[in-house]
Each structure stands twice: as structure tokens, then as C-alpha cells.
Amino acid sequence: MAHDALDAWLDQLEADTAETPTLREISERVLQTRHALLSTCLEAVIRQRYAQALQQTDAECTCGRRLFRRRFDAKAVSTLHGTITLHRPYFYCDVCQRGVHPLDAQLQLSEKYHQFDVQERTTRLGADLPFGLSADQFAHLTGLSASPHFIHDTFNAVGEAATMERVIPDAAAIGRRIDEARGDSTRRPVLVVACDGAMAPTRPPGGRRKKRGPGGWREAKGVRVYLLGKDQRVIHVASWHQIADKATLAPAITLLADRIPRDRVRIALVADGSEWIWDLLCAHFPDGEQILDYYHCAEYVYETARAQYGEGTLEAQEWAEATLTRLCMNALRDVSGGLLRMTPRSQEAAEAIRTFSIFLAGQRGRAGYTELRRRGLPRGSGGIESANKLICHVRLKRSGAWWLEANGNAMLRIRCAIYNGTFDQLFADYMAAHPRKKADT
Ligand SMILES: [Zn+2]
Numbered sequence: 002m003a004h005d006a007l008d009a010w011l012d013q014l015e016a017d018t019a020e021t022p023t024l025r026e027i028s029e030r031v032l033q034t035r036h037a038l039l040s041t042c043l044e045a046v047i048r049q050r051y052a053q054a055l056q057q058t059d060a061e062c063t064c065g066r067r068l069f070r071r072r073f074d075a076k077a078v079s080t081l082h083g084t085i086t087l088h089r090p091y092f093y094c095d096v097c098q099r100g101v102h103p104l105d106a107q108l109q110l111s112e113k114y115h116q117f118d119v120q121e122r123t124t125r126l127g128a129d130l131p132f133g134l135s136a137d138q139f140a141h142l143t144g145l146s147a148s149p150h151f152i153h154d155t156f157n158a159v160g161e162a163a164t165m166e167r168v169i170p171d172a173a174a175i176g177r178r179i180d181e182a183r184g185d186s187t188r189r190p191v192l193v194v195a196c197d198g199a200m201a202p203t204r205p206p207g208g209r210r211k212k213r214g215p216g217g218w219r220e221a222k223g224v225r226v227y228l229l230g231k232d233q234r235v236i237h238v239a240s241w242h243q244i245a246d247k248a249t250l251a252p253a254i255t256l257l258a259d260r261i262p263r264d265r266v267r268i269a270l271v272a273d274g275s276e277w278i279w280d281l282l283c284a285h286f287p288d289g290e291q292i293l294d295y296y297h298c299a300e301y302v303y304e305t306a307r308a309q310y311g312e313g314t315l316e317a318q319e320w321a322e323a324t325l326t327r328l329c330m331n332a333l334r335d336v337s338g339g340l341l342r343m344t345p346r347s348q349e350a351a352e353a354i355r356t357f358s359i360f361l362a363g364q365r366g367r368a369g370y371t372e373l374r375r376r377g378l379p380r381g382s383g384g385i386e387s388a389n390k391l392i393c394h395v396r397l398k399r400s401g402a403w404w405l406e407a408n409g410n411a412m413l414r415i416r417c418a419i420y421n422g423t424f425d426q427l428f429a430d431y432m433a434a435h436p437r438k439k440a441d442t
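2 is the number of the first residue of the sequence shown in the numbering used here; add one for each residue after it.
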């Protein structure tokens, strides 16, 4: 069957191409026509491996009764290698009033037309590109078609399987990354736990008839954990981000604290000024070194310098450098005192000075960046905000779209899983939760 298909396909290919086609012309022609060949091959493998199941005349019901084949049912299934039609034996139990196609379970068929191989690829594409563009790229690269609507629906269904327990790597995976970071060093590697928020564009739900309300920016809270390997190389461990109230970050921190072997690493806690984040981090990692994110600090310094002394002036530059130096020496009291003594030159400057003062209040002991460096600890999380943007928000903010909170969160969970290296396991969970419906009488 497959050999005949190959012969026919080669003949057709020869007939379709010019006398002296370029490599690209041949390649494009192969891409467009290969499904005719490959779907036949795929079908041939199924026919060979499942010869018995395809001809099965009797089966056992879950109730123990012996069932006899009622008929063959045709089902068209779309795969990465084209569409084939399966004619599967159908059984029905009169007592249980339940029908079953045993082959579907053996092949682990999806109840959808596009099977799990297609669903996995389109979900990965959808995590990076808007759904319309995902459909275009999928068609372009595979010669197959899947609608943006299908990609979106599947994506959200996979997102449901992406629970926090699944998205965050398990203890064994975290342990392996710690081994990698440690290498042949005798010192325990530094493990950074960094918390931050980033704004995500959301919209309220609305129906076809009901006009939906205006969109708004909501904060997505997140935590990122990574290790510092040799030469301060960053080894990603875990990311978890959700558009949610601050209370919902707590279970993620709890889960992480549970899975991180704290005796095998030196823990550095990095966050911005919010006191509730510090409380949360310190409660779960009491031995962690507390570090006020340098990049957040620096933003306040430059903003205050600009407001008080003017954009790009020498005065502004000098003040910013002096202030950052003091912060590096952990002289927060001097910086706060200096801010108090400043005479604001404008309303804007007064506001900037006030905001910076509030930010610094209560942060004593969390700056000392020079000392941190001496001890091999980071001074911030490499700009956790830019890391967050890259890992999570680049897709949410991509097309100027406004996200329903549930869909935005599904997107964040799947993107985190891809970066965390846990996507394959969670896709397996999704497949197990979405088998072909058993009762289709
Ligand atoms: Zn039965």
C-alpha cells in the first residue's frame, strides 16, 4: 500500500515539475503534495500494528459482559501528515447503555478532528504568536490548515491542565539544575527568588449581544527562581505569573519553598519595595539574603534626578551617581536624609522626592550592593522586570489585544511551562483529560 503510494507520488511529482526545476521548486512541490504519500504510510502502519483491533468481532464491556461488533464507524482524523479515515469496530452494551470504539482508546485519539500531534504544535505556536498569525505560520510550515478559532480553543483547554503544581518543576528537576549550577565548585550555588508585578491589558467579559465594558490594565504578579552558575551564568528554574490579587502569589511561594532543597543553595531574595512581598518571602525563606532590587532603586534615583535637576544635566548625573554609590555602600540613612533636606525645584520634583523617600522607608539592610558583590550575591534580578516581560508579557502585549482575565492567565501559565521545561508533562495531562468520548451511540 505504502510502496504503491510512493510510486504514484513520485510519478506525479515528476509530471508536475518543469524539465529542469530548481531545488526550491522541487521542495515546495514536495511540501504541497507530501501529505498524499505520508498519510498513506501512516495509515499503513496503523493497519499493520492494529490489524486485530481493526477486525475485532467481540469485546468485553467494563461491566464484564461480552459484546459483539455492531458495525464499523468511519472517523476522519487530521494529523501532522495529513488526514486519514479510520473505520473502527463499534460495540454497544444494552445493559450499560454505552457504546464504545476500543481502537480509539488504543490509539489515544482526540475527540477533535485535529489530533494531539497537531494540537501540541499549534499550542506551542500560539504561545508565541497571535492566534491568527499562528494559523498562517502553521499552514506555511506544514502545508496543513488549522483555524485560529481551533488554535485558540485548544490553547485554553491546554491552559486548564496547566496547574501551578504542573507548571512549576518538581523537586527532582530543581535538584538536577542545582547540580548543574554547582558543577565542580565546593560552594553552594546562589539561588535567586525574585518577585515582581507587571501590567497586563485586560478586558471584562462580554457576550455577542451585551456590549462589553472598556479594557483596563491589571497587575500580573509573578515570581521567578533561577540559579547563578559558573561566571554568574543564569540557569532558569521556575517562573509563575498570574493576573490576580496578591494573596494568590502565596501558594506559589509555598510550593516553591517546598520543592527547593534549601540546604543545598544560598538563597537570595530580590524584590521591589512592597512590604507584603518581603513578608511573604521571609516567611518561606527565613535564611534568605534580602536584596532590594537594584534596578528598581536605580529607576527611582534617575527619575528623582531628572525631576529635580532636569533631563541630561550634569547636576542630575552627579547627584544620581552619588546616590547610587551610597546605596551600594548600604548607606540608606544618608540617602533618606539627603532627600529630606532637598528643596524641590518644582511640583514634579517634590512628588518624585516624596515617592523615592516612601520607597526607601523600611528597606534598611537590603541595599549594600558592594558587599553583596563581594559575597558573590546578585544586586538585583538582572532587571526582573525585563525578564518578566520576556518570559510572560511579550505575548500579552503583542497585538494591542485586550485579554479576558481567564484567557490571559492561561497564556501566562503555558508560557511559564514552556520556559520552565514542564510543557511536555502538562500536555500529557491534557491528553489524558481529553480522550475521545466513550459513549457515542
Ligand atoms: Zn456493560
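The beta-carbon is built from N, C-alpha and C at its ideal position, and this holds for glycine as well. Quantities reported herein were computed from a predicted structural model and do not represent experimental measurements.
The C-alpha of Cys42 is placed about 14 Å away from the C-alpha of Tyr51. When DSSP states are grouped into helix, strand and coil, Val266 belongs to the coil group. Setting aside the 5 residues that flank it on each side, Gly160 is surrounded in the same chain by Ala411, Arg414, Ile415, each with a C-beta closer than 6 Å to its C-beta; the list follows chain order. Gln107 has its alpha-carbon roughly 38 Å from the corresponding atom of Leu397.
The residues Pro262, Arg265, in chain order, have a CB closer than 8 Å to that of Gly176 in the same chain once the five nearest residues on each side in sequence are set aside. Cα atoms of Leu341 and Gln291: separation of roughly 25 Å, rounded to the nearest angstrom. Beyond the five residues adjoining it in sequence on each side, Lys76 comes within less than 6 Å, by CB distance, of Leu87 in the same chain, given in chain order. Within the model, the alpha-carbon separation for Asp171 versus Asp425 is close to 13 Å. Each of Cys62, Thr63, Cys64, Arg66, Cys94, Val96, Cys97, Arg99 has a C-beta closer than 7 Å to some heavy atom of ligand 1; these make up the full list, in chain order. For Arg374, no beta strand (DSSP E) segment is defined; the enclosing uninterrupted segment is the alpha helix (DSSP H) at 370 to 375. About 6 Å separates the beta carbon of Leu228 from that of Arg178, a gap short enough to meet the 8 Å contact definition. Excluding sequence positions up to five before and after Met432, its CB lies within less than 7 Å of the CB of Gln109, Phe117, all in the same chain and listed in chain order. In this structure, the CA atom of Thr84 is about 13 Å from the CA atom of Thr143.
Contact check for Phe69 and Thr58: beta-carbon distance about 7 Å, within the 8 Å limit, so the pair qualifies. By the Cβ neighbour-count rule, Val96 is exposed, with fewer than 16 other Cβ atoms within 10 Å of its own.
Beta-bridge annotation (DSSP): Phe69 is paired with Asp59. Apart from sequence neighbours up to five positions away, the residues of its chain that approach Arg399 with a beta-carbon distance below 7 Å are Pro131, ordered along the chain. Within the same chain, Cβ atoms closer than 7 Å to the Cβ of Ala321 are found at Val302, Tyr303, Ala306, the five residues on either side in sequence being excluded. Contact check for Ile254 and Leu192: beta-carbon distance about 14 Å, past the 8 Å limit, so the pair fails to qualify. Counting the other Cβ atoms within 10 Å of the Cβ of His141 gives fewer than 16, which makes it exposed. By the C-beta criterion, the region 110 to 129 is judged not to be in contact with the region 180 to 200, since fewer than 3 inter-stretch pairs fall below 8 Å. With respect to Glu121, Phe428 sits close: the two C-beta atoms are nearer than 7 Å. DSSP, read as helix, strand or coil, puts Cys64 in coil. When only Cα atoms are considered, Ala19 and Ser28 end up about 13 Å apart. In the DSSP assignment, the residues bridged to Ala77 are Thr86. Listed in chain order, the non-local C-beta contacts of Arg365 below 8 Å within the same chain comprise Leu333, Arg334, local neighbours out to five positions each way being set aside. The C-beta separation of Phe139 from Thr124 comes to about 11 Å, leaving the pair out of contact by the 8 Å criterion. Nearest Cα to Asp294 within the set Tyr310, Gly313, Leu270, Gly311: Leu270.
In the three-state scheme derived from DSSP, where H, G and I count as helix and E and B as strand, Gly133 is classed as helix. Between Ile152 and Gly409, the C-beta gap is not smaller than 7 Å, which leaves the two residues out of contact.
Distance from the CA of Arg327 to the CA of Ala362, rounded to the nearest whole angstrom, comes to 15 Å. Taking all protein chains shown into account, Gln98 has fewer than 16 neighbouring C-beta atoms within 10 Å of its C-beta and is therefore exposed. With a contact defined as Cβ atoms closer than 8 Å, His82 and Ser148 miss out at about 19 Å.
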